[in-house]
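Some notes on the structure that comes next.
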Amino acid sequence: EDQVTQSPEALRLQEGESSSLNCSYTVSGLRGLFWYRQDPGKGPEFLFTLYSAGEEKEKERLKATLTKKESFLHITAPKPEDSATYLCAVQASQAAGNKLTFGGGTRVLVKP
Amino acid sequence: KAGVTQTPRYLIKTRGQQVTLSCSPISGHRSVSWYQQTPGQGLQFLFEYFSETQRNKGNFPGRFSGRQFSNSRSEMNVSTLELGDSALYLCASSSGVSGGETQYFGPGTRLLVL
């Protein structure tokens, strides 16, 4: 069974204090790993898709990396508007269709 | 392009009733997936429809069902509601043509069962 574990569960940062979020996964062949951001009461907002180990993607203060067992989301010099829950999900190559298996998320609070 | 839309945004029902939720995907997208989000279980996959056919199904009881129309709009139905069905129901769309595609989520329908 596919499994995704995110750590830490919660993270409190001062504005400008860089940090990393971890997503460990076990999947029967990785088709894709996805990062989303979710604000309270809203649907997840797409951030990145990673397909193979060694791949990296960047967007503003966020950078996602992928190895064969885990992915990291690095937040550089965060601002209060980066406060959100960050969700990691995997799609298995043996799964029919587009089923995503999600981790529990990391709640990030950035204080000014 | 307009994003994924879901209606209604909020619903209050009582135990034993049934409910139907609607999802309109991004124009041109043919795959619609449904997820349930609760504080205890997180985001869990319900089912996916592609070209009016269910392509995959999660581990939910038969009370949860869905369908997709020829214009790719999708509905999900929950019969005989239980208190534990209170959740945020999210719909996501993608082109559906190949695996590994990004899914784009709607704002969700918040269901409260009393």
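If you read the protein sequences in the order shown, they are chains A and B.
For the first sequence, counting from 1, position 1 maps to 1256 in our numbering; every step adds exactly one.
For the second sequence, counting from 1, position 27 maps to 779 in our numbering; every step adds exactly one.
Backbone N, C-alpha and C define an ideal beta-carbon position, used for all residues, glycine too.
Partners in chain B for A1351(A), counting only beta-carbon separations shorter than 7 Å: R807 and N808
Please confirm whether T1425(A) has its beta-carbon closer than 8 Å to some beta-carbon of chain B. Residue 1425(A) cannot be examined here, being either before or after the span of chain A that is shown, 1256 to 1367.
Using a cut-off of 8 Å between C-beta atoms, extract the partners of F821(B) located in chain A. Those do not exist, as F821(B) stays about 18 Å from chain A at its closest Cβ, beyond 8 Å.
Buried or exposed by the 16-neighbour rule on C-beta atoms within 10 Å, applied to G1357(A): The sequence shown places Phe at residue 1357(A), rather than the Gly named in the question. With 16 or more other Cβ atoms within 10 Å, it is buried.
For my contact list, G860(B) and H781(B) are in at a C-beta cut-off of 8 Å; report their separation, rounded to the angstrom. Actually they do not touch by this definition, with Cβ atoms about 17 Å apart.
Confirm, please, whether the CB-CB distance from L1288(A) to T1361(A) is below 8 Å. no
Using a 10 Å radius around the Cβ and a threshold of 16 neighbouring Cβ atoms, would you call E1313(A) buried or exposed? exposed
Could you round the C-beta distance between T772(B) and N811(B) to whole angstroms and report it? I think they count as a contact, below 8 Å. That pair is no contact at about 22 Å.
Measuring straight from C-alpha to C-alpha, what distance separates T766(B) and R815(B)? 15 Å
What residues in its chain sit with their C-beta under 8 Å from that of A1347(A), if we drop five residues either side in the sequence? D1257, V1282, S1283, G1284, L1285, R1286, K1354 and T1356
Out of E1325(A), A1332(A) and E1315(A), which one is the CA nearest neighbour of L1268(A)? A1332(A)
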